[in-house]
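Peer 1:
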Amino acid sequence: MSRRVRLLVFLLSGAGVAVLFTLAAVRLPDFGGTWHPYGERTLPNAIRRHTPNVISSINFDQRAFDTLGEELILMAAALAAVVILRTVRAEQEDAAGAHAYGPAEVSDALRITGYLLLPVIMVTGVYVVAHGYISPGGGFQGGVVLGSAIHLIYLAGDYPALARIRPIPMFESGEAVAAGVFVLLALAFAGQVKAMNAAVGLEVGCALVLVLAKFFEQALLVRKDA
Amino acid sequence: MADALIVAALVLTAFMATAVVLTRDPARQAIVLSGYGLALAILFLLLQAPDVAMSQTAVGTVVVPLIVILAIHAIRRHHTREPDRRGRE
Amino acid sequence: MSHLPYLVAGWILLAGIYGLVTSRNLVHAVVCLSVAQSATYVLLLTIGYRKKATAPVFSDIKPTRNVVDPVVQAMTLTDIVVGATVTALLLALTVQVAKRRGTVDPDELRSLEP
Amino acid sequence: MSPLGVALPAAFALLVAGVFPCFLATLRGEPVDRLSGLILAGPAATLVLLLLAAGFGRPAYLDAAFLVALLSFAGSLVFARFLGKTI
Numbered sequence: 001m002s003r004r005v006r007l008l009v010f011l012l013s014g015a016g017v018a019v020l021f022t023l024a025a026v027r028l029p030d031f032g033g034t035w036h037p038y039g040e041r042t043l044p045n046a047i048r049r050h051t052p053n054v055i056s057s058i059n060f061d062q063r064a065f066d067t068l069g070e071e072l073i074l075m076a077a078a079l080a081a082v083v084i085l086r087t088v089r090a091e092q093e094d095a096a097g098a099h100a101y102g103p104a105e106v107s108d109a110l111r112i113t114g115y116l117l118l119p120v121i122m123v124t125g126v127y128v129v130a131h132g133y134i135s136p137g138g139g140f141q142g143g144v145v146l147g148s149a150i151h152l153i154y155l156a157g158d159y160p161a162l163a164r165i166r167p168i169p170m171f172e173s174g175e176a177v178a179a180g181v182f183v184l185l186a187l188a189f190a191g192q193v194k195a196m197n198a199a200v201g202l203e204v205g206c207a208l209v210l211v212l213a214k215f216f217e218q219a220l221l222v223r224k225d226a
Numbered sequence: 001m002a003d004a005l006i007v008a009a010l011v012l013t014a015f016m017a018t019a020v021v022l023t024r025d026p027a028r029q030a031i032v033l034s035g036y037g038l039a040l041a042i043l044f045l046l047l048q049a050p051d052v053a054m055s056q057t058a059v060g061t062v063v064v065p066l067i068v069i070l071a072i073h074a075i076r077r078h079h080t081r082e083p084d085r086r087g088r089e
Numbered sequence: 001m002s003h004l005p006y007l008v009a010g011w012i013l014l015a016g017i018y019g020l021v022t023s024r025n026l027v028h029a030v031v032c033l034s035v036a037q038s039a040t041y042v043l044l045l046t047i048g049y050r051k052k053a054t055a056p057v058f059s060d061i062k063p064t065r066n067v068v069d070p071v072v073q074a075m076t077l078t079d080i081v082v083g084a085t086v087t088a089l090l091l092a093l094t095v096q097v098a099k100r101r102g103t104v105d106p107d108e109l110r111s112l113e114p
Numbered sequence: 001m002s003p004l005g006v007a008l009p010a011a012f013a014l015l016v017a018g019v020f021p022c023f024l025a026t027l028r029g030e031p032v033d034r035l036s037g038l039i040l041a042g043p044a045a046t047l048v049l050l051l052l053a054a055g056f057g058r059p060a061y062l063d064a065a066f067l068v069a070l071l072s073f074a075g076s077l078v079f080a081r082f083l084g085k086t087i
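Those protein sequence lines, which keep their order, are chains A, B, C and D. Each residue of the first sequence is one higher than the one before, starting from 1 at the first, in my numbering. Each residue of the second sequence is one higher than the one before, starting from 1 at the first, in my numbering. Each residue of the third sequence is one higher than the one before, starting from 1 at the first, in my numbering. Each residue of the fourth sequence is one higher than the one before, starting from 1 at the first, in my numbering.
#1: At the level of alpha carbons, what is the spacing between C/ARG100 and A/LEU20?
#2: Could you check what DSSP says for A/GLY143 in three-state terms: helix, strand or coil?
#3: Could you spell out the range, first to last residue, of the alpha helix (DSSP H) harbouring A/GLU203?
#4: For C/THR54, list the residues DSSP reports as bridge partners.
#5: Would B/ASP51 pass as an interface residue toward chain A - the criterion being a Cβ-Cβ separation below 9 Å?
#6: Taking a contact to mean a Cβ-Cβ separation below 9 Å, would you say C/VAL95 touches A/LEU155 in this structure?
#7: Since I believe A/PHE140 is in contact with C/LEU45 (beta carbons under 8 Å), could you give me their beta-carbon distance rounded to a whole number of angstroms?
#8: Assign A/ASN53 to one of three DSSP states: helix, strand, or coil.
#9: Can you have a look at C/PRO5 and say buried or exposed, based on whether 16 or more other CB atoms are within 10 angstroms of its CB?
#10: C/LEU91 and C/VAL27 - do their beta-carbons sit closer together than 9 Å?
#11: Looking at the structure shown, is A/GLY125 part of a helix, part of a strand, or coil, going by DSSP?
#12: Just to confirm, is the Cβ distance from D/GLY37 to D/PHE23 under 9 Å?
#13: Name, please, each residue of chain C whose Cβ falls closer than 7 Å to the Cβ of B/ALA8.
#14: Can you list the residues of chain B that C/VAL68 reaches, using a CB-CB cut of under 9 Å?
#15: Quick one, are the C-beta atoms of A/ALA199 and A/VAL181 less than 9 Å apart?
#16: Quick check: the Cα distance between C/THR64 and A/GLU217, rounded to an integer number of angstroms?
#17: CB-CB under 6 Å to B/ALA19, same chain, minus the five flanking residues each way: which ones, in chain order?
#18: Closest to A/ALA188 by CA distance: which of A/GLY14, A/VAL82, A/ILE121, A/ASP61 is it?
#19: Determine the chain A residues that contact C/SER34 at a beta-carbon separation under 8 Å, and present them in chain order.
#20: Suppose you measure from the CA of D/LEU52 to the CA of B/ASP51; what does that come to, to the nearest Å?
#21: Put D/GLY29 into one of helix, strand or coil per three-state DSSP.
#22: From which residue to which residue does the alpha helix (DSSP H) around C/VAL21 run?
#23: Listing by chain order, which chain B residues have their CB less than 7 Å from the CB of C/PRO63?
#24: Pop quiz: A/THR42 and C/PRO70 are said to be a contact at Cβ under 8 Å. What is the actual Cβ separation, rounded to whole angstroms?
#25: Taking C-beta pairs closer than 9 Å, name the residues in chain D that A/ILE121 reaches, listed in chain order.
#26: Identify whether D/GLY57 lies in helix, strand or coil by the three-state DSSP scheme.
#27: Any idea which residues DSSP pairs A/GLY32 with across the strands?
#28: Would you mind reading off the limits of the alpha helix (DSSP H) that contains A/MET170?
#29: Which residues in chain C sit within 8 Å of D/ARG34, going by Cβ to Cβ distance?
#30: For D/SER2, which of helix, strand or coil comes out of DSSP?
#31: If you measure between the beta carbons of A/MET122 and A/ILE150, is that distance less than 9 Å?
#32: From the beta carbon of B/VAL11, is the nearest beta carbon of chain A less than 9 Å away?
#33: If I follow the unbroken alpha helix (DSSP H) through A/PRO44, where does it start and stop?
#34: Put A/ALA149 into one of helix, strand or coil per three-state DSSP.
#35: C/MET75 by DSSP, collapsed to three states: which one?
#36: Just the Cα atoms here: how many angstroms apart are A/GLU172 and C/GLN37?
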């Protein structure tokens, strides 16, 4: 299909989608209206049980099975990314023996700010996970913050420093344990918001570290020229 | 006032989404994408969803740009280090 | 005003798909897909919005019934995390395509032979 | 008008006159110029979120503003690290 034909097909189908979407949108209840059937059925229960963060408790109680599915998607995607990028790495290692990671040319400004920021962001991540039950935040957000905080050490220093403080097998087992714990909690003890928050935080953080580790390998592993 | 704020944030979000799509160079697009994440975070807080705003901030400002940049780096390095076997470049 | 937010979501979706269709670079295409997905966040949250209501988080206020819909917010939370992992997975595939075929232009990837 | 009543109009003004120009700066020029717009957009967005938290009378929203303040800076570090090499 040539580019012109493809664009033509898109314009036709896009116009169709636009018309149908607009027709559907004007039939929706008004923006900001008071008719929220799902919320109205959930809220009285949440208020009766003195839940501080209704969103967390919906995610881990009412929608616990959905969240379980989501966690499994997360694990599957992380696993798939690791597998896809690993074969390539094996090829590279067969082709030549010695490898090194790309040079570290970091300006002092970057280095200092990175090192100063790292502990603050780590603590913030823990805070977001731990207080997800009470205040805005929770396992997802905190897990992402924790997972990305570790990589500041690369932004501030260089790759070997990151590799030292980030033992991959530990994160692999962390991911597996967190996923297992979460499946157990979701199937048997749904509603344990605090425990599930922690499990999700661990799972998301570990999955993120694993995926990013593979991307780092792809981007920075260079063959040493003899 | 809240309505005006929501309209402004919606227009800003739509504008940035269009800008992300129309930026063709992936490295520059990653920068615009990061800005789009910020616009979404403001919109979500205006829609009274602080949890979602935090989630969008965490994902949109660090993780996705980092993955995109690393992918671009890996692809570009591959292109320059191993000239194409079929002589395409 | 009463339906503008939904139409903005539709616009973002179409803009993302337009970028996907006209893309000359797989990385660009993946980012456009993530933009198209962000339309779902906007749509879900605007549907759950309620005027003069506040967030369903009762850490600093007394529990009240006058809050926006918490169910769609929980769904959006799930959506964002899944969207990020899908982006990561697709970019991993893109890196692999670049390795195997030496190009990331979808137009040059016609045949399926390695 | 109470001090908190000013917060929402101020947030609107900052959104239109502060955040929007920063975003415009990310749309044109070399990556370095775009990055400067992004770096400036982070604090501007943080201020908008702070004003919103005040205007809505919800201290709990400050968590979101805090996260934006920290992570937008970390995000611009990501780009700064690869500046000149990849972008």
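Just so it is clear, CB atoms sit at the ideal spot from N, CA and C, and this is done for glycine as well.
Peer 2: The answer reads as follows:
#1: What you label residue 100 of chain C is simply residue 100 of the third sequence in a count that begins at 1. What you label residue 20 of chain A is simply residue 20 of the first sequence in a count that begins at 1. Roughly 41 Å separates the two Cα atoms.
#2: For the purposes of this step, residue 143 of chain A is taken as residue 143 along the first sequence, with counting starting at 1. In this structure, A/GLY143 counts as helix in the three-state DSSP scheme.
#3: Position 203 of the first sequence holds residue 203 of chain A. First-last of the alpha helix (DSSP H) with A/GLU203: 193-220.
#4: What you label residue 54 of chain C is simply residue 54 of the third sequence in a count that begins at 1. BP columns for C/THR54 point to C/VAL67.
#5: Along the second sequence, read from residue 1 onward, the residue named residue 51 of chain B stands at position 51. B/ASP51 counts as touching chain A.
#6: Position 95 of the third sequence, counting from 1, holds the residue named residue 95 of chain C. Position 155 of the first sequence, counting from 1, holds the residue named residue 155 of chain A. Going by C-beta atoms, C/VAL95 is not nearer than 9 Å to A/LEU155.
#7: Along the third sequence, read from residue 1 onward, the residue named residue 45 of chain C stands at position 45. Along the first sequence, read from residue 1 onward, the residue named residue 140 of chain A stands at position 140. With a Cβ gap of about 16 Å, C/LEU45 and A/PHE140 do not count as contacting.
#8: Within the first sequence, residue 53 of chain A is the residue found at index 53, counting from 1. Three-state result, A/ASN53: strand.
#9: As a working note, residue 5 of chain C is residue 5 in the third sequence. Result: buried.
#10: Along the third sequence, read from residue 1 onward, the residue named residue 27 of chain C stands at position 27. Along the third sequence, read from residue 1 onward, the residue named residue 91 of chain C stands at position 91. Yes; because the gap between Cβ atoms is below 9 Å, this pair is in contact.
#11: For the purposes of this step, residue 125 of chain A is identified with residue 125 of the first sequence, where counting begins at 1. Correct three-state label for A/GLY125: helix.
#12: Counted from its first residue, the fourth sequence places residue 37 of chain D at position 37. Counted from its first residue, the fourth sequence places residue 23 of chain D at position 23. A contact, by the Cβ cut-off of 9 Å.
#13: Sequence index remark: in the second sequence, residue 8 of chain B carries index 8 (1-based). Here the premise fails: no neighbours, minimum Cβ distance about 12 Å.
#14: The residue given as residue 68 of chain C occupies position 68 in the third sequence. Going along chain B in sequence order, the residues near C/VAL68 (Cβ under 9 Å) are LEU47, GLN48, ALA49.
#15: One-based indexing of the first sequence puts residue 199 of chain A at position 199. One-based indexing of the first sequence puts residue 181 of chain A at position 181. The answer is yes: Cβ separation under 9 Å.
#16: Taking the first residue of the third sequence as 1, we reach residue 64 of chain C at position 64. Taking the first residue of the first sequence as 1, we reach residue 217 of chain A at position 217. Using only the alpha carbons, I get a separation of about 50 Å.
#17: On the second sequence, position 19 is the one that residue 19 of chain B refers to. Cβ within range, chain order: VAL32.
#18: Here residue 188 of chain A refers to the residue found at position 188 of the first sequence. For A/ALA188, the nearest C-alpha among the options comes from A/ASP61.
#19: Walking along the third sequence from the start, residue 34 of chain C turns up at place 34. By Cβ distance, chain A contributes nothing, its closest Cβ being about 14 Å from C/SER34, past 8 Å.
#20: In the fourth sequence, counting from the first residue as 1, residue 52 of chain D sits at position 52. In the second sequence, counting from the first residue as 1, residue 51 of chain B sits at position 51. About 15 Å.
#21: Counting from one through the fourth sequence, the residue named residue 29 of chain D turns up at place 29. Coil.
#22: The residue you call residue 21 of chain C lines up with position 21 of the third sequence. Its alpha helix (DSSP H) spans residues 4-22.
#23: Within the third sequence, the letter at position 63 stands for residue 63 of chain C. Near C/PRO63 there are no residues of chain B at all, since even the closest Cβ is about 15 Å away, more than 7 Å.
#24: Along the first sequence, read from residue 1 onward, the residue named residue 42 of chain A stands at position 42. Along the third sequence, read from residue 1 onward, the residue named residue 70 of chain C stands at position 70. Contact flag correct, Cβ pair sits at about 6 Å.
#25: In the first sequence, the residue the question calls residue 121 of chain A occupies position 121. What A/ILE121 touches in chain D: LEU70, LEU71, ALA74.
#26: In the fourth sequence, counting from the first residue as 1, residue 57 of chain D sits at position 57. D/GLY57 falls in the coil class under three-state DSSP.
#27: In the first sequence, counting from the first residue as 1, residue 32 of chain A sits at position 32. DSSP output for A/GLY32 lists C/ARG50 as bridge partner(s).
#28: In the first sequence, counting from the first residue as 1, residue 170 of chain A sits at position 170. Counting along the chain, the alpha helix (DSSP H) containing A/MET170 begins and ends at 168-188.
#29: Here residue 34 of chain D is taken as the residue at index 34 of the fourth sequence, counted from 1. Simply none; closest approach about 15 Å.
#30: One-based indexing of the fourth sequence puts residue 2 of chain D at position 2. Reduced to three states, the DSSP call for D/SER2 is coil.
#31: Residue 122 of chain A sits at position 122 when you count from the first residue of the first sequence. Residue 150 of chain A sits at position 150 when you count from the first residue of the first sequence. Cβ atoms of A/MET122 and A/ILE150: closer than 9 Å.
#32: Residue 11 of chain B sits at position 11 when you count from the first residue of the second sequence. No, its Cβ sits nowhere closer than 9 Å to a Cβ of chain A.
#33: Here residue 44 of chain A refers to the residue found at position 44 of the first sequence. A/PRO44 -> alpha helix (DSSP H) spans 37-48.
#34: Position 149 of the first sequence, counted from the first residue, corresponds to residue 149 of chain A. Reduced to three states, the DSSP call for A/ALA149 is helix.
#35: Taking the third sequence and counting its residues from 1, one reaches residue 75 of chain C at position 75. C/MET75 falls in the helix class under three-state DSSP.
#36: In the first sequence, counting from the first residue as 1, residue 172 of chain A sits at position 172. In the third sequence, counting from the first residue as 1, residue 37 of chain C sits at position 37. So the two alpha carbons sit approximately 29 Å from each other.
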